[in-house]
Amino acid sequence: MRDAGIKVCSGGIVGLGESVKDRAGLLLQLANLPTPPESVPINMLVKVKGTPLADNDDVDAFDFIRTIAIARIMMPTSYVRLSAGREQMNEQTQAMCFMAGANSIFYGCKLLTTPNPEEDKDLQLFRKLGINPQQTAVLGRRQ
């Protein structure tokens with residue numbers, strides 16, 4: 001894919017019922033690719049009523065933050081993207097994710113089928129944290 005100029009985006013969803021060992025295995029596989037993905041989205045499961053995973057246990061915030069930190073350590077040149085599930089996270093959890101190594105988000109009103117924080121809410125958090133949003137060169141969207 002890279003030979004065709006396509007950048008690799010591969011990550012995972014935390015909260016599917018996986019073990020810590022499963023999470024570590026995912027990050028190991030991504031980090032040990034010949035070249036790690038340019039983009040590594042780390043998503044928190046968004047439980048949707050009526051679906052098989054609706055009653056899954058909540059993910060502990062510190063476990064999620066730890067996953068972000070390990071992804072950053074293992075893939076220092078990748079964008080570690082704080083992705084789905086941000087709407088359910090409080091500001092403190094999101095702030096800790098950025099401090100642990102997340103350096104990108106997906107923004108907009110929806111991520112596929114679930115709500116995402118509104119852009120002004122993200123910008124308010126960034127201002128509180130002293131984060132200066134930047135545009136991507138390819139998409140012209142904020143990182």
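Everything in the sequence shown is counted per the UniProt record's numbering, starting at 1 for the first residue and increasing by one.
Just so you know, even glycine gets a beta-carbon here, dropped at the ideal spot from N, CA and C.
Since the structure is predicted, the reported quantities are computational estimates derived from the model, not experimental observations.
One or two residues paired with Gly5 in a DSSP bridge:
Looking at the DSSP assignment, Gly5 forms no beta bridge with any residue, so it has no partner.
Three or more C-beta pairs below 8 Å linking the stretch 24-39 and the stretch 55-65:
no
Sub-7 Å separation of Gly85 and Val48 beta-carbons:
no
Rounded to a whole number of angstroms, what is the C-alpha to C-alpha distance between Tyr79 and Leu16?
23 Å
Within a Cβ cutoff of 7 Å, which residues of the same chain sit near Ala100, ignoring the five residues on either side of it in sequence?
Ile65, Ile68, Ala69, Arg72
Excluding the 5 residues flanking Gly12 on each side, which residues of the same chain have their C-beta closer than 6 Å to its C-beta?
Leu26
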